[in-house]
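If you count by our numbering, then the sequence shown holds residues -19 to 481, one letter each, in order.
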Amino acid sequence: MAGVEVGREKKCEPGAPEELEPRTSDDISIKHGDLLGQEHVDPVLNAKMHLVNDAIDEIGMTGYQWKLFVLNGFGYAVDSLMLLIQSIIAGQAVYEFNPSFQNGLTIAVYVGMLVGALFWGLSADVIGRKYAFNISLMLSSVFCIVAGAAPNWIVLGLFVCLSAFGSGGNLVLDTTVFLEYLPSQDQWLLTLMAAWWGVGQLIAGLFAWAFLPNYSCPGFPSKTGVPCNWHTNPGWRYVWFANGALVFAMSVARVTVIRLRETPKFLLGEGRDAEVVDTLQFIATKYHRPCSLTLERLSACGVTGAGVGQYERRASVTAHAKKRFSFGEVWTHLRGLFATRRLGFSTALIWWSWLLIGLAYPLYNVFLPQYLKTRGAQVGVTSQYIEWRNYALANFCSIPSPILAGYMCRSGWFWGRRGTMIVGALVTMAFFFAYTQVRTEAQNLGFTCAISFCLVSCTISLTPFPRISIECFPHCADWPHRVPWIARKLGSCIHRKYRDF
């Protein structure tokens, strides 16, 4: 492709000539490590993006990003909390309500996650990251508290679904917001953020350990002769109340600890260049950092959409860039994921990977224990106290692994993120095969802790992969923030849907 004209580059300085200079494949940003630089369809937007990235690098890591690391990490924690809380309390709720379909809560939570991932992702393109960031956890906390007061199985399933809906888009939203503010040299912190997923799992285990052993009925009243109602079986309700209170505190912290501003790249995609400069200058001034980006430098790049290619030429780009998001235009932007052969191949591989992750989780967490029981494994425990203690220990093991994953991503010994995923997947596979030979409680605890360390954070699911899912896609000519995010959202939805299946 050397020497083939793939776009036109403009000098982004005040007073630069209005003409666009031809740009060849030898000159574009792939020389500087931009994996898909040749796939970019709008050189003006590309130039503006480089200016914004340079400004973020110039400002560096500040207290603003560290606050985002914690507050966005809450979204990770809540996502894992919602997935685990319903499975933790389901057994005791079944004793109390005796439903005809005992797996209803599992389906409810995954349906809520699926719809939430779509809704919050799309709504964030309409109303911005800021409002979705502030509202989603607040809604989830309210529905959690109401779920704890459910009078029957149907109402419980409804509010489990609604609470999962509130938190369902956070895994996508939080990674996007955090990444769009991170300097390039600190983007490994997105890998480290997966530790918050382990924190959420640990909190779920601690809630169960604290309430279920002491505040639960022993079984179905017809078999034990002991009534099972709100008075004799409040433990699972306490778990929901405590979870809802914690999520509410997290949502309040998101609003009060940091006044989130719209991400610069979202604003850039909306054509709000002045607000981009204002946001970055605000952070630089507050934390006494240099920032040389000015509105004149952005304006000198030209108008976004002036140089377009492939599928953007088929529509009026200038008019389209000024329109708000509409559901009728989704297909247009999905086509952007397959604009070239290389993009289509990357999209297919990423979605396939999310599908396989969605298969691995329930196979390990649901079906493998049942398989082992049919093969004579004695992995039961003598009391609820020991059961939930072991559960908390296994979840604790998922917290330190992102530290190792972050080191591996930065180290030259492991070939970056791809090498980290390969090594993590191979180690996890080995523990999976070994786990099929478990026959005792001690073996079960040991292998569960090891798999928790590898599967949850150190391998393909929650550390390098979400970052790759966003960064592997170029920015669309008029909606630069949407093409990578739509790809990531649909990958997450495939992941959720396959877990439903």
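All residues carry an ideal CB built from backbone N, CA and C; glycine is no exception. Source: prediction; values computed, not measured.
| task | Identify, in the order they occur along the chain, each residue of the same chain with its Cβ nearer than 8 Å to the Cβ of V257, setting aside the five sequence neighbours on each side. | result | As a first step, residue 257 is located in the sequence shown; it is residue number 277 there, counting from the start. Answer for V257: L273, T274, L275 and L278, listed in chain order.
| field | Same chain only: Cβ atoms within 8 Å of L182, ignoring 5 sequence neighbours per side | value | If you number the sequence shown from 1, residue 182 lands on position 202. Excluding positions up to five away in sequence, the list reads A372, N375, F376, S378 and I379.
| request: Go through its chain and collect everything with a Cβ distance to Q45's Cβ below 7 Å, but skip five positions before and after it. | output: Looking up residue 45 in the sequence shown gives position 65. The answer, listed in chain order, is Y161 and L162.
| Would you call W133 buried or exposed, if buried means 16 or more other Cβ atoms sit within 10 Å of its Cβ? | Looking up residue 133 in the sequence shown gives position 153. Counting Cβ neighbours within 10 Å, W133 comes out buried, since at least 16 surround it.
| request: Please say whether V219 and F187 have beta carbons closer to each other than 8 Å? | output: For the purposes of this step, residue 187 is identified with residue 207 of the sequence shown, where counting begins at 1. For the purposes of this step, residue 219 is identified with residue 239 of the sequence shown, where counting begins at 1. A contact, by the Cβ cut-off of 8 Å.
| query | Which of the three DSSP states, helix, strand or coil, is assigned to L278? | reply | One-based indexing of the sequence shown puts residue 278 at position 298. If DSSP states are grouped into helix, strand and coil, L278 belongs with the helices.
| task | Using the Cα positions of V152 and A97, report the straight-line distance between them to the nearest angstrom. | result | What you label residue 152 is simply residue 172 of the sequence shown in a count that begins at 1. What you label residue 97 is simply residue 117 of the sequence shown in a count that begins at 1. Rounded to whole angstroms, V152 to A97 spans 7 Å at the Cα level.
| message | Which complete alpha helix (DSSP H) runs does the region 44 to 85 hold, if anything under 4 residues is left out? | response | none
| With a CB to CB cut of under 7 Å and the five nearest residues on each side skipped, what residues in its chain are close to A127? | Here residue 127 is taken as the residue at index 147 of the sequence shown, counted from 1. Excluding residues within five positions, the ones whose Cβ falls inside 7 Å are L136, F139, V140, S143 and W220.
| task | In angstroms with no decimal places, state the Cα-to-Cα distance between G148 and V407. | result | Position 168 of the sequence shown holds residue 148. Position 427 of the sequence shown holds residue 407. Spanning the two alpha carbons is a distance of roughly 29 Å.
| request: Specify the secondary structure class of M409 as computed by DSSP and reduced to three states. | output: As a working note, residue 409 is residue 429 in the sequence shown. The answer is helix: DSSP assigns M409 an H, G or I state.
| query | Hey, quick one: how far does the alpha helix (DSSP H) through C141 stretch, first residue to last? | reply | For the purposes of this step, residue 141 is identified with residue 161 of the sequence shown, where counting begins at 1. Segment W133 to S147, the alpha helix (DSSP H) holding C141.
| What is the C-beta distance between C434 and G404, in whole angstroms, given that I count them as a contact (C-beta under 8 Å)? | On the sequence shown, residue 434 is found 454 positions in, with the first residue counted as 1. On the sequence shown, residue 404 is found 424 positions in, with the first residue counted as 1. The Cβ separation is near 6 Å, so the contact holds.
| query | Quick one, which of G251, T243, L339 and L63 has its alpha-carbon nearest T259's? | reply | The residue given as residue 259 occupies position 279 in the sequence shown. Of the candidates G251, T243, L339 and L63, the one whose C-alpha sits nearest the C-alpha of T259 is T243.
| query | Would a C-beta distance cut-off of 8 Å place A35 and C281 closer than the cut-off? | reply | The residue given as residue 35 occupies position 55 in the sequence shown. The residue given as residue 281 occupies position 301 in the sequence shown. No, they are not a contact pair.
| said: Beta-carbon within less than 8 Å of A112's beta-carbon, same chain only, minus the 5 sequence neighbours each way: which residues are those? | reply: Position 132 of the sequence shown, counting from 1, holds the residue named residue 112. Answer for A112: W100, S103, A104, G149 and L153, listed in chain order.
| Neighbourhood of N223 by C-beta, 7 Å cutoff - its chain only, sequence neighbours within 5 removed | The residue given as residue 223 occupies position 243 in the sequence shown. Cβ within range, chain order: L61, I65, C124 and F187.
| Where the alpha helix (DSSP H) containing N114 begins and where it ends | The residue labelled residue 114 in the question sits at position 134 within the sequence shown. Looking at the DSSP string, the run of the alpha helix (DSSP H) that includes N114 is R109 to G128.
| said: For K110 and L240, which I take to be in contact (beta-carbon distance under 8 Å), what is that distance rounded to the nearest angstrom? | reply: One-based indexing of the sequence shown puts residue 110 at position 130. One-based indexing of the sequence shown puts residue 240 at position 260. Right, their Cβ atoms sit about 5 Å apart.
| task | Check whether the region 188 to 206 touches the region 414 to 429, taking contact to mean three or more Cβ pairs, one atom from each stretch, closer than 8 Å. | result | no
| task | Tell whether a beta-carbon distance below 8 Å holds between G185 and W368. | result | As a first step, residue 185 is located in the sequence shown; it is residue number 205 there, counting from the start. As a first step, residue 368 is located in the sequence shown; it is residue number 388 there, counting from the start. A contact, by the Cβ cut-off of 8 Å.
| said: I'd like to know whether the C-beta atoms of Y365 and C197 end up nearer to each other than 8 Å. | reply: In the sequence shown, the residue the question calls residue 365 occupies position 385. In the sequence shown, the residue the question calls residue 197 occupies position 217. In this structure, C197 does not lie closer than 8 Å to Y365 by Cβ.
| task | Tell me where the alpha helix (DSSP H) around S231 begins and ends. | result | By 1-based counting over the sequence shown, the position of residue 231 is 251. Here the alpha helix (DSSP H) through S231 covers G215 to T236.
| Roughly how many angstroms lie between the CA atoms of L384 and M401, to the nearest whole one? | Here residue 384 refers to the residue found at position 404 when the sequence shown is read from its first residue. Here residue 401 refers to the residue found at position 421 when the sequence shown is read from its first residue. L384 and M401: Cα-Cα distance of roughly 12 Å.
| task | Determine the extent of the alpha helix (DSSP H) in which N33 is found, giving its start and end residues. | result | By one-based count along the sequence shown, residue 33 stands at place 53. Residues P23 to I39.
| query | Within 10 angstroms of its Cβ, does S363 collect 16 or more other Cβ (buried), or is it exposed? | reply | Counted from its first residue, the sequence shown places residue 363 at position 383. Flag for S363 reads exposed.
| query | Hey, is the region 74 to 90 in contact with the region 49 to 57, meaning 3+ C-beta pairs nearer than 8 Å? | reply | no
| message | Quick check on DSSP: helix, strand or coil for Q18? | response | Within the sequence shown, numbered from 1, the residue matching residue 18 stands at position 38. Unreliable positioning characterises Q18 in this predicted model, as indicated by a pLDDT of 44, which lies under 50. The coordinate reading is nonetheless provided below. Note: Q18 maps to helix in three-state DSSP.
| query | Hey, would you say K28 sits closer than 8 Å to I238, going by beta carbons? | reply | Counting from one through the sequence shown, the residue named residue 28 turns up at place 48. Counting from one through the sequence shown, the residue named residue 238 turns up at place 258. Their beta carbons are not under 8 Å apart, which means K28 does not touch I238 by this criterion.
| field | Proximity winner among F158, N78, L117 and L329, relative to F200 (alpha-carbon distances) | value | Indexing the sequence shown from 1 puts residue 200 at position 220. It is N78 whose Cα lies nearest to the Cα of F200.
| request: Mind checking which residues open and close the alpha helix (DSSP H) that includes R390? | output: The sequence position of residue 390 within the sequence shown is 410, counting from 1. Its alpha helix (DSSP H) spans residues S381 to R390.
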